[in-house]
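Structure first, commentary second.
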Amino acid sequence: MIKTKKQKITALLFFLPAFLLLAVFYIAPAAVSIFYSFTNKALAGLNADNWTWIGIQNYSDLLRDERFWKSFINTIIFLFGSAIIGQQVLGFTIAYLMRNKSRKFRRVIGSCVLLCWVTPEVVVSFVFFAYLNSNGSLNEILGFLGLGPVPWLFNFAMISIIGANIWRGTAFSMMMFQSGLDNVPNEILEAASIDGANKTQKLFRIIIPSMKGSIVTNTVLITLSTLGLFGLIYALTGGGPGMDTTTIPIYMYNKAFKSYQIGYGTAIATILLIFGISLSIFYVRASKHDL
Amino acid sequence: MKKTHITSLALIFIALLFILPLLWLLFASFDLEASMAFQVPKQFTFNHYIKTVTNPLNVSSFLNSCFMSLSQSCLVVIISLLAAYPLSRFNLKRKTTILYGILFLTGLPITAIMVPVYLTFFNLQIENKLWSTTLFLVATSLPYSIWMMKNFLDGVPFALEEAASIDGANFSQRLRKVILPGILPGTSVVFIYAFSASWGNFFVPFILLSSIEKLPASVTIFQFFNSYGQVIYGELAAFSVLYTLPVLVLYILSQRFMANGFAFGGAIK
Numbered sequence: 018m019i020k021t022k023k024q025k026i027t028a029l030l031f032f033l034p035a036f037l038l039l040a041v042f043y044i045a046p047a048a049v050s051i052f053y054s055f056t057n058k059a060l061a062g063l064n065a066d067n068w069t070w071i072g073i074q075n076y077s078d079l080l081r082d083e084r085f086w087k088s089f090i091n092t093i094i095f096l097f098g099s100a101i102i103g104q105q106v107l108g109f110t111i112a113y114l115m116r117n118k119s120r121k122f123r124r125v126i127g128s129c130v131l132l133c134w135v136t137p138e139v140v141v142s143f144v145f146f147a148y149l150n151s152n153g154s155l156n157e158i159l160g161f162l163g164l165g166p167v168p169w170l171f172n173f174a175m176i177s178i179i180g181a182n183i184w185r186g187t188a189f190s191m192m193m194f195q196s197g198l199d200n201v202p203n204e205i206l207e208a209a210s211i212d213g214a215n216k217t218q219k220l221f222r223i224i225i226p227s228m229k230g231s232i233v234t235n236t237v238l239i240t241l242s243t244l245g246l247f248g249l250i251y252a253l254t255g256g257g258p259g260m261d262t263t264t265i266p267i268y269m270y271n272k273a274f275k276s277y278q279i280g281y282g283t284a285i286a287t288i289l290l291i292f293g294i295s296l297s298i299f300y301v302r303a304s305k306h307d308l
Numbered sequence: 009m010k011k012t013h014i015t016s017l018a019l020i021f022i023a024l025l026f027i028l029p030l031l032w033l034l035f036a037s038f039d040l041e042a043s044m045a046f047q048v049p050k051q052f053t054f055n056h057y058i059k060t061v062t063n064p065l066n067v068s069s070f071l072n073s074c075f076m077s078l079s080q081s082c083l084v085v086i087i088s089l090l091a092a093y094p095l096s097r098f099n100l101k102r103k104t105t106i107l108y109g110i111l112f113l114t115g116l117p118i119t120a121i122m123v124p125v126y127l128t129f130f131n132l133q134i135e136n137k138l139w140s141t142t143l144f145l146v147a148t149s150l151p152y153s154i155w156m157m158k159n160f161l162d163g164v165p166f167a168l169e170e171a172a173s174i175d176g177a178n179f180s181q182r183l184r185k186v187i188l189p190g191i192l193p194g195t196s197v198v199f200i201y202a203f204s205a206s207w208g209n210f211f212v213p214f215i216l217l218s219s220i221e222k223l224p225a226s227v228t229i230f231q232f233f234n235s236y237g238q239v240i241y242g243e244l245a246a247f248s249v250l251y252t253l254p255v256l257v258l259y260i261l262s263q264r265f266m267a268n269g270f271a272f273g274g275a276i277k
């Protein structure tokens with residue numbers, strides 16, 4: 018009995034620093050965010066101090082705000098294009114093709130992909146700014162093939178940021194799927210071969226179904242990290258041209274810090290937060306058997 | 009036989025697509041006449057690097073990054089170790105609830121709380137300060153670090169500690185002689201994870217810091233890029249290479265600390 022009590026006190030003391038930091042910097046701001054989203058608080062000017070409670074005004078404004086819907090749709094396109102489809106399909110392809118290669122070959126190829134993952138996001142933006150520029154490397158290559166220079170960042174801005182994010186994030190999915198592929202039971206694959214299954218049948222009937230767990234976890238994790246992506250897009254296109262690459266985080270930033278509409282900005286943040294919370298809950302539930 | 013060649017070629021092609029933009033960066037940083045297109049330097053130069061490291065603003069931004077990332081990662085290691093220890097060793101009633109809570113927090117997008125965090129900092133008058141920004145960065149890394157640390161601690165047999173305890177070792181002795189050596193690889197990984205996360209972070213210092221002399225390298229590069237990015241690629245490339253180097257070295261080191269397949273801590277099976 019005494020031992021458990023002592024343990025309890027030790028545990029509480031040991032938790033304290035982490036708990037304080039998380040409460041002050043994580044949980045309190047999230048609560049504050051929800052609170053301010055029901056007010057007309059501004060960052061500067063009259064409404065900075067004299068804010069009032071305006072109920073769900075911000076949210077009903079948001080629903081009627083065409084620019085918000087535009088950023089919402091952009092976020093969905095970006096999310097599916099770059100993460101859920103782009104990174105996963107490419108990451109899986111690389112992991113799948115690498116299966117039976119020599120260790121050395123795997124390491125060299127893997128390092129090239131991983132290097133992009135380690136690169137800080139601002140550097141990724143700069144590198145892609147140059148790569149996609151009218152005088153950049155990509156247009157140089159297209160020139161060799163006799164194709165005219167394409168001003169990617171102006172005419173295909175969304176495709177540009179999707180490309181940059183696939184380039185940066187694929188390594189994560191690749192690693193997830195590499196360990197997932199290692200867990201596919203070999204006996205079943207051999208049995209299928211004996212029964213005359215070809216490669217495509219094995220891939221779609223055995224390998225992918227038995228990797229369902231990795232695919233679900235990976236989808237949730239990359240969705241969460243892509244949803245909050247700010248620096249990469251902001252430094253590469255600034256959300257433009259026009260609103261072409263303005264995702265929800267960028268719209269939130271513009272509203273809160275450029276137009277000084279804190280109340281409205283936190284309403285956008287709250288929507289993002291709710292999205293994140295629901296996904297996190299789903300993730301915790303999905304990984305329940307791990308605990 | 010032939011089929012393996014095709015897949016090997018496909019993989020080499022994909023790897024080239026990934027590495028090409030980075031090679032451009034490396035070449036441009038040494039090229040006297042750097043341009044946006046990929047080219048092997050005709051006139052090799054160290055000038056871009058010399059210019060970068062002699063610019064006091066760049067130096068101070070590097071020092072700021074070092075200060076924030078080093079103090080952040082040290083704090084993260086200590087605090088997450090403290091929090092993870094009871095979670096791994098004690099028989100606590102609400103252990104699973106706490107673990108779920110931590111796992112849940114790892115998923116929250118930090119971007120979504122930056123507006124209220126700025127407001128909180130503003131109200132407490134701690135905005136535009138390196139220490140408060142560092143503390144916030146500590147908080148953002150904690151959930152995942154505690155999670156990783158707990159998994160590492162689980163891997164160190166409790167029996168050893170109990171034996172030491174029976175032999176009369178007190179907690180700090182057990183910590184130094186038994187626990188720390190056992191979890192050194194784990195703490196290194198947490199340290200590297202936290203360091204890289206804060207070193208590369210752009211949004212947090214971009215929002216919370218405003219004085220030019222307090223900005224870390226990530227924001228300074230962004231501003232450099234915004235104002236001169238169209239003109240002096242060479243210098244910007246050199247700055248980028250120098251800025252990327254620390255995390256690259258740490259990543260290679262972390263590979264040594266990690267047993268195969270541990271890349272994601274407990275996030276996956």
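Listed in order, the protein sequences are those of chains P and C.
According to this note's numbering, the first sequence is numbered sequentially starting from 18.
According to this note's numbering, the second sequence is numbered sequentially starting from 9.
All residues carry an ideal CB built from backbone N, CA and C; glycine is no exception.
- Contact annotation: the stretch 284-304 of chain P does not touch the stretch 203-211 of chain C, with fewer than three C-beta pairs closer than 8 Å.
- For residue 98/C, the secondary structure class from DSSP, reduced to helix, strand or coil, is coil.
- Assignment of residue 55/P by DSSP, reduced to helix, strand and coil, places it in the coil class.
- The alpha-carbon of residue 28/P is positioned some 8 Å away from that of residue 98/C.
- DSSP, reduced to helix, strand and coil, places residue 89/P within a helical segment of the structure shown.
- Residues of chain P whose Cβ lies closer than 9 Å to the Cβ of residue 113/C are, in chain order, 39, 43, 44 and 297.
- Residue environment: residue 86/P is assigned as exposed (fewer than 16 neighbouring CB atoms within 10 Å of its CB, all protein chains considered).
- Using a CB distance below 8 Å, no part of the stretch 49-78 of chain C faces chain P.
- Rounded to the nearest angstrom, the gap between the Cα atoms of residue 34/C and residue 106/P is 29 Å.
- The DSSP-derived three-state label of residue 39/C is strand.
- Taking 9 Å as the Cβ-Cβ cut-off, the stretch 194-217 of chain C approaches chain P at 204, 207, 208, 209, 210, 211, 214 and 215, given in chain order.
- Bridge pairing for residue 52/C: 39/C [DSSP].
- Taking 7 Å as the CB threshold, residue 273/P lines the interface with chain C.
- Taking a C-beta distance under 7 Å as the contact criterion, residue 145/C and residue 80/C qualify as a contact pair.
- In this structure, DSSP gives residue 68/P a state outside helix and strand, which the three-state scheme calls coil.
- In the structure shown, residue 73/C falls within a helical segment according to DSSP collapsed to helix, strand and coil.
- Taken through DSSP and simplified to helix, strand or coil, residue 132/C comes out as coil.
- Counted as a single uninterrupted DSSP element, the alpha helix (DSSP H) harbouring residue 195/P occupies residues 174-199.
- Membership of residue 235/P in the alpha helix (DSSP H) is indicated by the continuous run 229-244.
- Two segments are said to touch when three or more pairs of C-beta atoms, one from each, lie closer than 8 Å; by this definition the stretch 243-251 of chain P touches the stretch 135-148 of chain P.
- Annotated as proximal: residue 46/C and residue 32/C, with beta-carbon spacing under 7 Å.
- Among the residues facing chain C, residue 227/P is not included, as its CB has no counterpart in that chain under 7 Å away.
- Looking from the CA of residue 151/P, the closest CA among 73/P, 136/P, 167/P and 211/P belongs to 167/P.
- Two segments are said to touch when three or more pairs of C-beta atoms, one from each, lie closer than 8 Å; by this definition the stretch 18-33 of chain C does not touch the stretch 167-180 of chain P.
- Residue 178/C carries a coil assignment under DSSP once its states are collapsed to helix, strand and coil.
- In this structure, the beta-carbon distance from residue 99/P to residue 265/P does not fall below 7 Å.
- In the three-state scheme derived from DSSP, where H, G and I count as helix and E and B as strand, residue 240/C is classed as coil.
- When Cβ pairs closer than 8 Å are counted between the two stretches, the stretch 270-279 of chain P is seen not to touch the stretch 149-157 of chain C, the count staying below three.
- Here residue 157/C carries a helix assignment [DSSP, helix/strand/coil].
- With its beta carbon less than 7 Å from one in chain P, residue 259/C belongs to the interface.
- In the structure shown, the three-state DSSP call for residue 78/P is helix.
- Within chain P, the residues placing a beta-carbon under 7 Å from that of residue 44/C are 147, 150, 152 and 153, ordered along the chain.
- By the CB criterion at 7 Å, residue 153/P and residue 44/C fall inside the cutoff.
- For residue 118/P, no alpha helix (DSSP H) run applies, since DSSP gives it neither H nor E.
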